[in-house]
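A short worksheet on the structure shown next.
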Amino acid sequence: MILVLAGTLEGRKTAALLQKAGFTVLASTVTDYGSKLLSDQGVQQVRAGALDKASLEELLAQGIELLVDATHPFAAEASKTAIAAAQEVGIPYVRLERPQTKLPAHPLVHACDDLNNSIKKALSLGKVIFSTLGSKNLPLLMAAAKETDVRVVARVLPEPAVVASCLALGLIPRDIIALQGPCSRELNLALYKQYRAEVVITKDSGNTGGVEEKLEAALQLGIPIVIWQRPLINYPLILHAPAEVLQYCQKFKASRQTRK
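Its first residue numbered 13, the sequence shown is counted upward by one per residue in this note's numbering.
Shown next as structure tokens:
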């Protein structure tokens with residue numbers, strides 16, 4: 013059985029592709045919504061809920077032969093946990109990593125290596141920050157913005173708990189955009205104009221995450237954009253597409269049958 017940590021679109025595609033190819037697959041996601049998306053794609057075995065190292069090791073010990081980590085590029089702790097658990101149990105680990113965004117050399121494009129530096133840079137570039145960092149990263153941004161009297165407009169997932177957390181941080185309803193991306197360049201343009209954004213702050217979640225469209229819209233309007241770069245993790249093996257994962261799994265299966 014192959015365990016796919018399927019917290020992304022690529023993860024869901026991979027789980028479905030492996031199952032279609034005849035592999036026994038268990039897909040894991042943190043949320044019930046993610047579980048529903050997997051089921052909608054026809055994945056038969058799905059579990060929902062967060063996994064710490066101990067619970068992941070327990071799951072891996074139940075007949076899992078290979079772990080495919082298709083979590084979000086910024087889910088660094090989840091990936092580190094997966095690497096450690098796979099090593100502890102003694103099964104192969106494969107990272108499905110969506111390609112990074114190729115950033116243009118442009119004076120309005122600012123790449124930063126961590127969240128704190130990204131926030132500092134954004135605060136220095138404008139008084140209205142349009143954030144697509146996600147709700148989990150808003151506390152740091154909001155705390156810094158309040159100290160400098162900067163307005164934050166946050167685009168977040170349209171989930172009641174997420175909106176409630178935004179309100180608890182001090183965001184007012186007019187500055188909360190509850191909208192699931194990715195958004196087209198045209199929609200980003202309209203949103204930036206509507207909220208009079210002076211700077212955009214986002215993270216490099218790749219083209220699947222709509223970074224290219226955010227970037228194009230910002231440059232078209234002449235707005236600076238700050239892009240938080242991905243955390244550096246020493247993955248044992250990195251593949252970049254569901255089809256590559258399928259090929260790897262087929263070779264892995266063939267090699268195991270040969271050894272038998």
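Note that the Cβ used here is the ideal one computed from N, Cα and C, for glycine as well.
Check	Outcome
Within 8 Å, do at least three Cβ pairs link the stretch 230–249 to the stretch 49–66?	no
Leaving out the 5 sequence neighbours to the left and right, which residues in its chain are closer than 6 Å to L15 when beta-carbon positions are compared?	L38, I76 and L79
I'd like the ranges of any beta strand (DSSP E) spanning at least 3 consecutive residues and lying wholly in the stretch 84–142.	105–108 and 121–124
Between the Cα of V168 and those of I95, T220 and P194, spot the shortest distance and give me the residue it belongs to.	P194
Spatial neighbours of K205 within its chain, please: CB distance less than 8 Å, with the 5 preceding and 5 following residues excluded, ordered by chain position.	L233
Pair every Cβ in the stretch 174–182 with every Cβ in the stretch 205–219, then say whether three or more of these pairs are closer than 8 Å.	no
Can you check which of these residues, L203, T83 and S136, is closest to L120 by C-alpha distance?	S136
Can you give me the start and stop residues for the alpha helix (DSSP H) that T36 sits inside?	Counting along the chain, T36 falls outside any alpha helix (DSSP H), and DSSP gives it neither H nor E.
Pick helix, strand or coil for V55, following the three-state DSSP scheme.	coil
Since K148 is in the alpha helix (DSSP H), which residue starts that stretch and which ends it?	Here K148 belongs to no alpha helix (DSSP H), and DSSP marks it neither H nor E.
Going residue by residue through the stretch 227–271, where are the continuous beta strand (DSSP E) segments of at least 3 residues, counting only ones entirely within it?	237–240
Where do the N-terminal and C-terminal ends of the alpha helix (DSSP H) with V174 fall, by residue?	P172 to A180
Between the stretch 255–267 and the stretch 141–157, do at least 3 Cβ pairs fall closer than 8 Å?	no
Which whole-angstrom value describes the C-beta separation of K139 and E210, a residue pair presumed to lie in contact below a C-beta threshold of 8 Å?	6 Å
Taking D64 as the reference, give the member of V42, P248, F35 and E224 with the closest Cα.	V42
Using the C-alpha atoms, what's the distance from L227 back to T144?	12 Å
Let me know the secondary structure DSSP gives L183 once reduced to three states.	coil
With 16 as the cutoff for other CB atoms within 10 Å, does K25 come out buried or exposed?	buried
The alpha helix (DSSP H) spanning R197 covers which residue range?	R197 to Q206
How would you write the range of the alpha helix (DSSP H) that A66 sits in, first residue to last?	K65 to L72
Of all the options D44, L17, A229 and L152, which has the alpha carbon lying nearest to the alpha carbon of I95?	L17
Where does E198 land, buried or exposed, given buried means 16+ other C-beta within 10 angstroms?	exposed
Excluding sequence positions up to five away, which residues of its chain have a Cβ less than 7 Å from the Cβ of F35?	I14 and C261
Sort A176, E109, G222 and G19 by Cα distance to E256 and report the nearest one.	E109
Taking a contact to mean a Cβ-Cβ separation below 8 Å, would you say S196 touches E225 in this structure?	yes
Going straight from the alpha carbon of R163 to that of A28, what length do you get?	42 Å
Could you pull the start and end residues of the beta strand (DSSP E) that L79 belongs to?	L78 to D81
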